[in-house]
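> One structure is given below, represented as structure tokens, and several questions about it will come after.
Numbering (my numbering), first residue to last: 29 to 222.
Laid out in structure tokens, this is it:
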């Protein structure tokens, strides 16, 4: 599978889309649920075998501490399903910075990224209009979703070799390699991190 195919059809997409894409057919119902659980169980196992890779992005703690100290509303909009969300909340101690019930995840009730629904729900959960939100995204489909939702400031985050793909996204405001480069001057405006 090419890097382009991974970026467009895997990264940031909901499991229902990824599994249907990989198998070349529409998967639904109990078959979809079984495949999702098998895929995600394998994924979590790989994460546990590589604990060095299971940590927050460089600069995340400092940025999140700043958001908390300034009482800036924040949440997460993820294509992960509940089991993975719970796994990462526990392993990364996300409850330190996030109100867990406000996190939007793939529960099957709304279209996944690149549809705008997840970001619209996230903005609603933190009681901000989308245009006043900042989104940090590592996936093209997520940036497309954020733009479609009317998010006011879009930040792509990724390694240098993948940044051209992020920069090519319509509506992109900035591209950074780590959260250490987050444009903190944006926090002085009424915008919030979403």
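C-beta: ideal position from N, C-alpha, C; glycine also.
Within 10 angstroms of its Cβ, does residue 155 collect 16 or more other Cβ (buried), or is it exposed?
Taking the first residue of the chain shown as position 1, residue 155 is located at position 127. Residue 155 is exposed by the Cβ-count criterion.
> Closest by CA to residue 212, which one among 192, 181, 187?
If you number the chain shown from 1, residue 212 lands on position 184. Minimum Cα distance to residue 212 is reached at 181.
> Less than 8 Å separating the beta-carbons of residue 173 and residue 142?
Here residue 173 corresponds to residue number 145 of the chain shown, with the count starting at 1. Here residue 142 corresponds to residue number 114 of the chain shown, with the count starting at 1. Taking 8 Å as the Cβ cut-off, residue 173 and residue 142 qualify as a contacting pair.
> Flag this pair as yes or no: are the beta carbons of residue 82 and residue 125 separated by less than 8 Å?
The residue given as residue 82 occupies position 54 in the chain shown. The residue given as residue 125 occupies position 97 in the chain shown. No.
> Could you check where the beta strand (DSSP E) with residue 87 kicks off and where it finishes?
One-based indexing of the chain shown puts residue 87 at position 59. Note, residue 87: premise wrong, no beta strand (DSSP E); not H, not E.
> Which residues mark the beginning and the end of the beta strand (DSSP E) in which residue 182 is found?
Indexing the chain shown from 1 puts residue 182 at position 154. Counting along the chain, residue 182 sits inside the beta strand (DSSP E) bounded by residues 181 to 185.
> List, from N- to C-terminal side, the alpha helix (DSSP H) runs of 4 residues or more that fit wholly inside the stretch 102 to 130.
110 to 120
> Could you work out which residue in 72, 37, 66 is closest to residue 118 when comparing CA atoms only?
Position 90 of the chain shown, counted from the first residue, corresponds to residue 118. Taking only the C-alpha atoms, the option nearest residue 118 is 72.
> For residue 204, which beta-bridge partners are listed by DSSP?
On the chain shown, position 176 is the one that residue 204 refers to. In DSSP, residue 204 forms a bridge with 185.
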